[in-house]
Amino acid sequence: MNEFDQDALLTGAFSEFSAVSAPAVRPLGAQAVRGEVAHRRKVRAVALGVVAALVIALPVAGYAAFGRESQAPPTPGTSISPTPSETVTESPSPSASPAPDGRITIAQLTAGKVDVPRWGDSGKSPDGKCNDGRTTLRKPGTTTSLVTYVVEVAFANLDDDLALETAAILMCRTGETGPSMIVAYDRDAAGQIVSLGTVVRASAKMQGIWHVKPADGGVGVSADVSDIVACCDTSVDNEFHQWRTYAWNGTAFVQTAGRTDFSNKPLYTDLKLTLDKVTSAKNANGDRDFSIEMTISNIGKVTSAPMAVDVWSEPGELIARDWVGRADECHLGTVKCHAALKPGESFTMTVHVIMGKTLVVGPDAIHIRVDAAGRTGGTIADPNSRNNYAEVLMTAELWNII
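Residues in the sequence shown are numbered consecutively from 1250, following our numbering.
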């Protein structure tokens, strides 16, 4: 067999192998998104192995048939680099095809049904549960309860290939707020959107996921997360935010950078309310006048926020004065808050509650509470809210002054 015959035989064998192996490297659909890259590498390795075997085998066969003593057969373990024939033009194999473009816009993500990981118990409410499974996502700004919607997306490398995929923040309202999670999306070989799984989801200790962006270096994503989600009378000043990074490690999405807890959260305020002196007397109109003297202290390690003292009873009429009222109204100007206190500082104040002389039965107690005010409304959470509250029990001695 001459060199031209060998080349023809080698070319035919390689072409036959390509025809057989090419269909095998096509992905099996959405479930093979991650396996496609590994499968392609395996096919390429097998192909190179067959070619190398043919290159080794043909000279051996020639040596045996023609007794060319000057051309010894290759010894085991010798590396042979075949030189491709100039007449052979190899067509691109599936392994040379680029990975699908996994950059998916919000408009594309909400254009049809996609896979949404299960919300579980966090997505349930007395009125039903958040939609998941194979479902349609809503666009940002959706306020309808129990409807899953997209908050924002970012493009980053979220799997084993070099192409970019999509990280989408999904949220569903079960009331004033609701659960959230980051889900990775890609496209399969047919261009269909497929889910790669949950990157991270909110929990009791990390209740908010707000923003997502590519991580430094483009591998994985960084997420803006918070310990709580401010709601109702709670000020947004209570939210403590951190940036944490998540990436694919070959088997799962894991956190790769950032803190794992919120133990470094600063305490904005740690107030204490102490009742000093309570008296009652009959005023000029013959009504009961309850005088309550109290001290407000900052027992924390940092300067507090401004504060107000709320006093209420039923029945009872509070004589308005500075620093008295609901702290969540301080930013409106309807209540004049006391200025912030430095650590260890305190102030003393007295409030008066008037109860008419015609009342036969008074309240069980007069209630008093001090709260720090949020900058844009709401109140600041206190690490020990029990010492923010006190009550004046309505004893016979206090009541029977008229």
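Backbone N, C-alpha and C define an ideal beta-carbon position, used for all residues, glycine too.
With 16 other Cβ atoms within 10 Å as the buried cut-off, status of N1633:
Position 384 of the sequence shown, counting from 1, holds the residue named residue 1633. Under this definition N1633 is an exposed residue.
Tell me whether the beta-carbon of S1475 lies closer than 7 Å to the beta-carbon of G1499.
For the purposes of this step, residue 1475 is identified with residue 226 of the sequence shown, where counting begins at 1. For the purposes of this step, residue 1499 is identified with residue 250 of the sequence shown, where counting begins at 1. Not closer than 7 Å, so no.
For V1558 and A1576, what's the separation of their Cα atoms in angstroms?
Position 309 of the sequence shown holds residue 1558. Position 327 of the sequence shown holds residue 1576. Here the alpha carbon of V1558 sits roughly 7 Å from the alpha carbon of A1576.
Roughly how many angstroms separate the alpha carbons of V1470 and V1461, rounded to a whole number?
The count along the sequence shown starts at 1 and reaches residue 1470 at position 221. The count along the sequence shown starts at 1 and reaches residue 1461 at position 212. Whole-angstrom Cα-Cα distance: 7 Å.
Below 6 Å CB to CB, which residues in the same chain sit around C1379 once its five sequence neighbours on both sides are set aside?
Residue numbering aside, residue 1379 sits at position 130 when the sequence shown is read from its first letter. Cβ within range, chain order: W1368, G1372, L1395, T1397, C1421.
Can you look up V1558 in the DSSP assignment and give me helix, strand or coil?
Taking the first residue of the sequence shown as position 1, residue 1558 is located at position 309. Strand.
Please confirm whether N1547 and S1540 have their CB atoms less than 7 Å apart.
As a first step, residue 1547 must be located in the sequence shown, where it is residue number 298. As a first step, residue 1540 must be located in the sequence shown, where it is residue number 291. Contact: no.
Cα-Cα separation between G1446 and R1624, rounded to whole angstroms
Within the sequence shown, numbered from 1, the residue matching residue 1446 stands at position 197. Within the sequence shown, numbered from 1, the residue matching residue 1624 stands at position 375. Distance between the alpha carbons of G1446 and R1624: 39 Å.
With a CB to CB cut of under 7 Å and the five nearest residues on each side skipped, what residues in its chain are close to D1482?
For the purposes of this step, residue 1482 is taken as the residue at position 233 of the sequence shown. Contacts found: D1577, G1627, T1628.
Collapsed DSSP secondary structure at L1358 in the structure displayed
Taking the sequence shown and counting its residues from 1, one reaches residue 1358 at position 109. It is helical.
Could you tell me whether the Cβ atoms of V1432 and Y1495 are closer together than 7 Å?
For this step, residue 1432 is matched to residue 183 along the sequence shown. For this step, residue 1495 is matched to residue 246 along the sequence shown. For V1432 and Y1495, no; Cβs fall outside 7 Å.
Suppose contacts are defined by Cβ-Cβ distances below 7 Å. Is A1588 in contact with P1612 by that definition?
Here residue 1588 corresponds to residue number 339 of the sequence shown, with the count starting at 1. Here residue 1612 corresponds to residue number 363 of the sequence shown, with the count starting at 1. No, Cβ-Cβ distance for A1588 and P1612 is not below 7 Å.
Can the beta-carbon of V1400 be found closer than 7 Å to that of T1384?
As a first step, residue 1400 must be located in the sequence shown, where it is residue number 151. As a first step, residue 1384 must be located in the sequence shown, where it is residue number 135. Taking 7 Å as the Cβ cut-off, V1400 and T1384 do not qualify as a contacting pair.
For a quick check, are the C-beta atoms of I1650 and H1601 less than 7 Å apart?
Indexing the sequence shown from 1 puts residue 1650 at position 401. Indexing the sequence shown from 1 puts residue 1601 at position 352. No, the Cβ-Cβ distance between I1650 and H1601 is not below 7 Å.
Cα-Cα separation between E1640 and T1523, rounded to whole angstroms
Within the sequence shown, numbered from 1, the residue matching residue 1640 stands at position 391. Within the sequence shown, numbered from 1, the residue matching residue 1523 stands at position 274. Looking at the two C-alpha atoms, the distance is approximately 10 Å.
Whole-angstrom distance between T1509 and A1430, CA atom to CA atom
Position 181 of the sequence shown, counted from the start, is the residue given in the question as residue 1430. Position 260 of the sequence shown, counted from the start, is the residue given in the question as residue 1509. Here residue 1430 turns out to be Met, not Ala, going by the sequence shown. The straight-line gap from Cα to Cα measures roughly 17 Å.
Hey, M1598 and M1543 are a contact pair by Cβ (cut 8 Å); roughly how many whole angstroms apart?
The residue given as residue 1598 occupies position 349 in the sequence shown. The residue given as residue 1543 occupies position 294 in the sequence shown. Correct: roughly 6 Å between the Cβ atoms.
Kindly give me the distance between the Cβ atoms of G1424 and S1484, rounded to whole angstroms, as I take these residues to be in contact under 8 Å.
Along the sequence shown, read from residue 1 onward, the residue named residue 1424 stands at position 175. Along the sequence shown, read from residue 1 onward, the residue named residue 1484 stands at position 235. With 8 Å as the limit, G1424 and S1484 do not qualify as a contact, their Cβ atoms being about 18 Å apart.
Enumerate, from N- to C-terminal direction, the unbroken beta strand (DSSP E) stretches of 3 or more residues contained entirely within the segment 1488–1545.
1490–1497, 1502–1506, 1520–1531
Return the CA-CA distance between V1609 and F1596, expressed in angstroms with no decimal places.
For the purposes of this step, residue 1609 is taken as the residue at position 360 of the sequence shown. For the purposes of this step, residue 1596 is taken as the residue at position 347 of the sequence shown. Computed Cα separation, rounded: 35 Å.
Assign D1571 to one of three DSSP states: helix, strand, or coil.
Taking the first residue of the sequence shown as 1, we reach residue 1571 at position 322. Three-state result, D1571: coil.
With a 10 Å radius around its C-beta and 16 neighbouring C-beta atoms as the bar for buried, classify W1572 as buried or exposed.
Here the question's residue 1572 lines up with position 323 in the sequence shown. By the 10 Å Cβ count, W1572 comes out buried.
For G1316, which three-state DSSP category applies?
One-based indexing of the sequence shown puts residue 1316 at position 67. Confidence is the limiting factor: at G1316 the pLDDT is only 36, short of 50, which leaves the residue's position unreliable, though a coordinate-based value still follows. G1316: coil per DSSP, three-state reduction.
Counting C-beta neighbours from all protein chains within 10 Å, is the total for P1428 16 or more, i.e. buried, or is it exposed?
Your numbering for residue 1428 matches position 179 in the sequence shown. With 16 or more Cβ atoms within 10 Å of its Cβ, P1428 is classed as buried.
Go through the segment 1597–1648 residue by residue and report every complete run of the alpha helix (DSSP H) that reaches 4 residues or more, in order.
1645–1648
Can you look up G1372 in the DSSP assignment and give me helix, strand or coil?
Taking the sequence shown and counting its residues from 1, one reaches residue 1372 at position 123. DSSP places G1372 in helix when its eight states are reduced to three.
Among V1443, T1607, G1574, the one whose alpha carbon lies nearest that of D1620
The residue given as residue 1620 occupies position 371 in the sequence shown. With distances taken between Cα atoms, D1620 lies closest to G1574.
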